[in-house]
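Novice: Quick one: the structure is below, and I'll ask about it shortly.
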């Protein structure tokens, strides 16, 4: 069987060999029958081969398209992923060691405080969602239309005769005086730290009348309110003799608040327990709950509070005959199962004794710190200085919320992360929030009084740094802060810088504190701060650089502005100070170059203190402070003054646009007097030094001590500084020379001049600090520097004190013609640097 099969297979094999041989022969000789019939075996094979090749090519092509498509998809995914990454960088926190280690309940001594600077008197904790308390008042006879209304937030429109802290140590107590027409209010508090939730405190509101011939009646309101996310509860306590509240929150545990009428006559007492829409609308909640009540015993009517629901806002009102004193006692019970202690914080005479002891301690520490009595200042002058420092410390607030930010990679503004900020504020009435470049100047005074408060403030600011190394320059955190800011200024852009004045503060800490830096973990805080300072410096050095090496340009100017006489440079801090008339990317700003040079020096000094590599920063400092290179980029050969460089012409004016021809089809135009003025360029700009403008910017090589003591241009600058036809005045250095084309010129028809001639204390402080430095250096210009220093210091100090004694306020700026205060008030931000000038502590 197997043999037959094998033979058969063998026979078939031969047949296949013969067939194959025949096909091979035919392929060589050709076969007419195959050609005629078109169905030869050879043609079939070729067709099959072509089909196979075609399918293979299709598979290869398809494979290639699949690869290309996959690459395209991957590229698109990478692109959108990268765009998403860029979009999120603006609101991604800097990832490094946590800056603020002691805050809230971890720092019980400073847990409670007068951290609501935007109110006339308010208390809260350093808790993101703190319960808040505060004071309102009104005169019933002056409440109606055309009257004074209810006092609550510090407002310029309230036209207060005077208000401000006269003593405040930043930690344990404060005393404030408020003059409101015929009324004098004194608010004070003393804290008693301890326990699990920060301890207790007593506050006092005393009201008297400056009008002796008639009795005044006043309604005093003390309120308690829960923040939108505070949690917990509050409930009123009522009795015949005292009233108050009980409550419990996560940040306070169980607590009580009791109101004691310690002096004077109560005519009417009422309260409201209601729901307030927001902390922004507490006064409105009071107004909506005012009622007319009848007191049958006295046979008269009173304006009272009425309404009771499950509340987040409770207000107690007493209508009193003056004089009157109300003590408010806050007592921390600790946990909900405990009852208030019988021996709580002191009231009445006992509180007065404690407060007076605090006041004596404050005055002793003040003299030991600033030595003003030793320098021969009078009691009135020392009281001014105490008030200036106290208003700075009493103006420290605690805020929580999220900024609104935008980058070039986000179509719309996006929220920053929610964070707290512990910071001083420039003005309780107009700027009750944090400003980056102001805070460096604030810290110069605060650190002299209490270095730990100052370092804590720095730590909070640098906790707001994003992954790019950027810090928003204006912090508008929380509903109360947001309510005071026009919409156009709310969004912060990550291209915009602000002068790094916190490095002025760090430089002072490094040079003045010495061995004290090793105490209380201060050096450890600076060590954690250093990587953020490096990121900040890198951000400045990359985003604000100019078009040639060693030059810098403030971003944020509007290139095509049509209504501004000179487009503002808000980011420089000098707002409307004249720069190049036509902003473009060729500009070079001398003040920014000096700031970067100074920053490099401070980082180098700090790196050396911390045992880190300082070479990179010192090399940058030596490069940017090279006077020959500085002169090459910023010294005008015509005026021999330090100047910006850019596309500039002085021939610009504001004009009312002409009316266009009117046809029957066009709409009527507004009358000419209602059309807003626009800028008209009378002569084409050219790239040049902006040397027709002399003022604060021209001084920066001197202000930040970049000029060497033997520089011939230092002598020229000193002489220009002392010129009465330039920036010298009897009240301080004016911001812009009287000979400058834009001196005291409006920037638009609506915007009055701001940094165009007025006297500003922060720059005068820097000038005096620099004059003090150059006056102590050997060289040809030291005697002139000392002479100008002595005269300028006298002018500044005497005028600021004189204006304070005349008006009761420190001001944002001062007139170069009369010395009178102008701008907003009280402005106890950098104007309080007058204390350091008096003490000659630079």
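Residue numbers (the UniProt record's numbering): 1 to 842.
From the three backbone atoms N, C-alpha and C, an ideal C-beta is built for every residue, glycine too.
In this text, all values refer to a predicted model and were calculated from it rather than measured experimentally.
In whole angstroms, what separates the C-alpha of residue 70 from that of residue 64?
Specialist: Their Cα atoms are separated by approximately 10 Å.
Novice: Report the residue from 738, 716, 826 and 700 whose alpha carbon sits nearest the alpha carbon of residue 770.
Specialist: Ranking 738, 716, 826 and 700 by Cα distance to residue 770 puts 700 first.
Novice: Could you check if residue 376 is buried or exposed, using at least 16 other CB atoms within 10 Å of its CB as the buried criterion?
Specialist: Per the 10 Å Cβ criterion, exposed.
Novice: Kindly indicate the opening and closing residues of the alpha helix (DSSP H) around residue 507.
Specialist: Per DSSP, residue 507 belongs to the alpha helix (DSSP H) from 502-513.
Novice: Residue 610 to residue 598, Cα distance in whole Å?
Specialist: Looking at the two C-alpha atoms, the distance is approximately 19 Å.
Novice: Out of curiosity, what's the CA-to-CA distance linking residue 288 and residue 277?
Specialist: Taking the straight line joining both Cα atoms gives about 12 Å.
Novice: Taking residue 172 as the reference, which of 271, 430 and 361 has the closest Cα?
Specialist: Among 271, 430 and 361, the Cα nearest to that of residue 172 is on 361.
Novice: Please state the DSSP three-state secondary structure of residue 559.
Specialist: The answer is coil: DSSP assigns residue 559 none of H, G, I, E or B.
Novice: Helix or strand or just coil, what does DSSP make of residue 596?
Specialist: Residue state, collapsed to three classes: helix.
Novice: Excluding the five sequence neighbours on either side, which residues of its own chain have a C-beta within less than 6 Å of the C-beta of residue 420, listed in chain order?
Specialist: Excluding residues within five positions, the ones whose Cβ falls inside 6 Å are 128 and 400.
Novice: Flag this pair as yes or no: are the beta carbons of residue 223 and residue 134 separated by less than 9 Å?
Specialist: Cβ atoms of residue 223 and residue 134: closer than 9 Å.
Novice: Is the CB-CB distance between residue 774 and residue 691 below 9 Å?
Specialist: Cβ atoms of residue 774 and residue 691: not closer than 9 Å.
Novice: Does the stretch 708-715 come close enough to the stretch 793-812 that 3 or more CB-CB pairs lie under 8 Å?
Specialist: Not touching, per the Cβ criterion.
Novice: Given residue 573, which residues of its chain have a CB within under 7 Å of its CB, disregarding the five upstream and five downstream residues?
Specialist: 437, 498 and 499, listed in sequence order.
Novice: If we count the other Cβ atoms within 10 Å of its Cβ and call it buried at 16 or more, is residue 142 buried or exposed?
Specialist: So residue 142 counts as exposed.
Novice: When we look at the beta-carbon of residue 201 and count the other beta-carbons within 10 Å, is it buried (16 or more) or exposed?
Specialist: Flag for residue 201 reads buried.
Novice: Look up residue 759 in the DSSP assignment and say whether it is helix, strand or coil.
Specialist: In this structure, residue 759 counts as strand in the three-state DSSP scheme.
Novice: Residue 649 to residue 743, Cα distance in whole Å?
Specialist: So the two alpha carbons sit approximately 15 Å from each other.
Novice: Please specify which runs of the beta strand (DSSP E), each continuous and at least 3 residues long, are wholly inside the stretch 145-180, giving them in chain order.
Specialist: Listed in chain order, they are 162-168 and 173-180.
Novice: Could you tell me which residues DSSP pairs with residue 136 in its beta bridges?
Specialist: Answer by DSSP bridge pairing, in chain order: 221.
Novice: Which runs of the beta strand (DSSP E) at least 3 residues long sit entirely within the stretch 352-418? Give them in chain order.
Specialist: Counting only runs of 3 or more, we get 396-401 and 404-406.
Novice: Do residue 331 and residue 269 have their beta-carbon atoms positioned less than 9 Å apart in this structure?
Specialist: Result no, Cβ atoms of residue 269 and residue 331 do not sit closer than 9 Å.
Novice: Considering just the uninterrupted stretch of the alpha helix (DSSP H) at residue 623, what are its terminal residues?
Specialist: 615-624 is the extent of the alpha helix (DSSP H) around residue 623.
Novice: Keeping to the same chain, check which residues put their C-beta closer than 6 Å to that of residue 348; ignore five residues upstream and five downstream.
Specialist: Hits under 6 Å: 262.
Novice: Say whether the stretch 389-404 touches the stretch 422-432, bearing in mind that this needs 3 or more beta-carbon pairs closer than 8 Å, one atom from each stretch.
Specialist: Taking 8 Å as the limit for Cβ pairs, the verdict is that the stretch 422-432 does touch the stretch 389-404.
Novice: Tell me the rounded alpha-carbon separation between residue 427 and residue 274.
Specialist: In a straight line, the C-alpha of residue 427 is about 31 Å away from that of residue 274.
Novice: Indicate whether the contact test is met: 3 or more Cβ pairs, each with one atom in the stretch 627-642 and one in the stretch 679-698, closer than 8 Å.
Specialist: Contact between the stretch 627-642 and the stretch 679-698 is present, because at least three Cβ pairs lie under 8 Å.
Novice: Identify whether residue 203 lies in helix, strand or coil by the three-state DSSP scheme.
Specialist: If DSSP states are grouped into helix, strand and coil, residue 203 belongs with the strands.
Novice: Quick one: what does DSSP say residue 830 is sitting in, helix, strand or coil?
Specialist: Residue state, collapsed to three classes: helix.
Novice: Decide yes or no for the touch test of the stretch 745-762 against the stretch 562-581: beta carbon pairs closer than 8 Å, at least 3 of them.
Specialist: Yes, the stretch 745-762 is in contact with the stretch 562-581.
Novice: Got a sec, what are the start and stop residues for the alpha helix (DSSP H) residue 543 sits in?
Specialist: Looking at the DSSP string, the run of the alpha helix (DSSP H) that includes residue 543 is 522-543.
Novice: Within 10 angstroms of its Cβ, does residue 614 collect 16 or more other Cβ (buried), or is it exposed?
Specialist: Buried.
Novice: Just mark residue 56 as buried or exposed, buried being the case when its beta carbon has 16 or more other beta carbons within 10 Å.
Specialist: Label assigned to residue 56: exposed.
Novice: Relative to the C-alpha of residue 541, which residue among 490, 470 and 528 is closest?
Specialist: Per the Cα distances, 470.
Novice: Select from 258, 165, 557 and 191 the residue whose C-alpha is nearest the C-alpha of residue 585.
Specialist: Selected option, being the one with the closest Cα: 557.
Novice: For residue 726, count the other beta carbons within 10 Å of its own beta carbon; 16 or more makes it buried, fewer makes it exposed. Which is it?
Specialist: Buried is the call here.
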